[in-house]
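Inspection log for the structure reproduced underneath, given as structure tokens.
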Ligand SMILES: [Zn+2]
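In our numbering, the protein residues as written are 2 to 439.
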């Protein structure tokens, strides 16, 4: 009797701790029930990690890795090997609660070897001398790092406890952007050393072998009185949410659920909100494919996507899938590119006109369509993509754009529909049994 009650208490705690997401998760391939095997729990019953096994597909479907649901990047062979080991299937309970800790580029706990210099008060920069390394020693279970990719970057090497775990090529041909790289997960409790080192090697197209370090993210023991939740503040490194979305989110009940597809590197301090993305950003709740959502039918009160559908090879299937996981009478909102130049290539496939986005949603009840983006915004983007800005003096370009911006007042909102940057739709999922066209 007692054992039974204890177990139900633990189950309740687990649900609370993971926002009840496991109630709506399913196998992304067959949509059947999955089993969470080899779970790693905190003393309070929070499930930190585990392996999702689909009995119907008879294979590993994904993982829970340090409180993140991963249906894309997990190492299937490693998971299968772990499950074959009977010991690996028993629940492991950690000796302490955990919390996330971020060590910025100037954190005094970082040890440096070789020639690192501070750069723009945001980075530690190595010119790529082999032997240049940043180290941290302390108690942690997981480690990841945020590094800059740009045209002068080289290859960096990650080591844990003296063993090389991986290398990353930080070269990218244009512009610069900070990327997140996982280094290690679910290490044994106890002190560890993590090292990020320059190798001196580089992509043949790179102009240098630099390593720009921004921050180290660790999962550490939570000492008494410290918060144990994930990253406490909201972090948004993606596009700002459209005001209409903030309004729609306010209408979702406190115990409701909100799904953003392709939310990018965004974390909202809202237990109703789930962000699924197919890029390995740091902040999504779930890494997965919008064409194979790992959620049961009718799970969410609001499902939305911002600047996603032009990046999906089959936008019709993506909208069907978004609609499948929406509750009957639940709302869907999507905004996508109309007159936008190529971006995020090669995953930029289909822009849509207002009539195009209505076709995508024709099996739903469309409440409203809209369009956005001033003409000058579109022209500015076209000019930048065409490489014009790089060939003009900055002032010359600013003067030109100033004159073009002055023309925006001549374009009525109705006229903008013909030349808008993007189009959007607000729709309702029809109740079951209702005829819905398409
Ligand atoms: Zn399955």
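Each residue gets a CB set at the ideal place from its N, CA and C atoms; glycine is no exception.
A residue is called buried when at least 16 other Cβ atoms come within 10 angstroms of its Cβ; residue 341 meets this threshold and is buried. At a cut-off of 7 Å, the beta-carbon of residue 33 counts as near ligand 1: some heavy atom of the ligand is closer than that. Setting aside the 5 residues that flank it on each side, residue 375 is surrounded in the same chain by 409, each with a C-beta closer than 7 Å to its C-beta; the list follows chain order.
Per the C-alpha coordinates, the member of 145, 181 and 208 positioned closest to residue 188 is 145.
The beta carbon of residue 36 lies closer than 6 Å to those of 54 in the same chain, with the five residues before and after it left out.
About 7 Å separates the CB atoms of residue 63 and residue 295; that is less than 8 Å, so the two are in contact. Within the model, the alpha-carbon separation for residue 311 versus residue 291 is close to 12 Å. Sorting 352, 390, 332 and 253 by C-alpha distance to the C-alpha of residue 430 places 332 at the top. In the three-state reduction of the DSSP assignment, residue 236 falls in the strand class, which pools E and B.
Residue 358 sits in a helix when the DSSP states are folded into three classes.
Relative to the non-hydrogen atoms of ligand 1, the Cβ of residue 57 comes within a distance shorter than 7 Å of at least one. The beta carbon of residue 105 sits closer than 6 Å to those of 216, all from its chain and outside the five residues before and after it, given in chain order. Between residue 303 and residue 262, the gap from beta carbon to beta carbon reaches 8 Å or more. By DSSP's assignment, residue 192 forms a beta bridge with 140.
Unbroken beta strand (DSSP E) runs of no fewer than 3 residues, entirely contained in the segment 69-106, are found at 69-71 and 99-105, following chain order. The DSSP-derived three-state label of residue 302 is strand. About 5 Å separates the beta carbons of residue 235 and residue 270, which is inside the 8 Å limit, making them a contact pair.
If you check the C-beta of residue 62 against ligand 1, you find a heavy atom less than 7 Å away. Residue 149 and residue 169 have their alpha carbons spaced roughly 11 Å apart. For residue 337, the enclosing beta strand (DSSP E) has its first and last residue at 327-338.
DSSP places residue 296 in no alpha helix (DSSP H); its state is neither H nor E. Its chain contains 258, 259, 260, 326, 327, 328 and 331 as the residues whose beta carbon lies nearer than 7 Å to that of residue 301, once the 5 sequence neighbours on both sides are disregarded; these appear in chain order.
Assigned with DSSP and collapsed to three states, residue 397 falls in helix. Within 7 Å of the C-beta of residue 30 there is at least one heavy atom belonging to ligand 1.
With contact defined as three or more Cβ pairs closer than 8 Å, the segment 167-182 and the segment 126-137 are not in contact. By the CB criterion at 8 Å, residue 45 and residue 98 fall inside the cutoff.
Its chain contains 42 as the residues whose beta carbon lies nearer than 6 Å to that of residue 94, once the 5 sequence neighbours on both sides are disregarded; these appear in chain order. Approximately 4 Å separates the beta-carbon atoms of residue 293 and residue 29; this is inside 8 Å, confirming the contact.
According to the DSSP assignment, residue 182 belongs to the beta strand (DSSP E) that extends over 178-185. Contact between residue 141 and residue 193 is confirmed by a C-beta separation of about 6 Å, below the 8 Å threshold. Within the model, the alpha-carbon separation for residue 152 versus residue 164 is close to 28 Å. Taking residue 110 as the centre and dropping the five residues before and after it, the same chain places the C-beta of 104, 137 and 139 closer than 8 Å to its C-beta, in chain order. Per DSSP, residue 108 has no beta bridge partner at all. Taking C-alpha positions only, residue 349 is separated from residue 201 by approximately 34 Å.
One alpha carbon belongs to residue 157, the other to residue 197, and they sit about 7 Å apart.
Rounded to whole angstroms, the separation of the alpha carbons of residue 364 and residue 380 is 34 Å.
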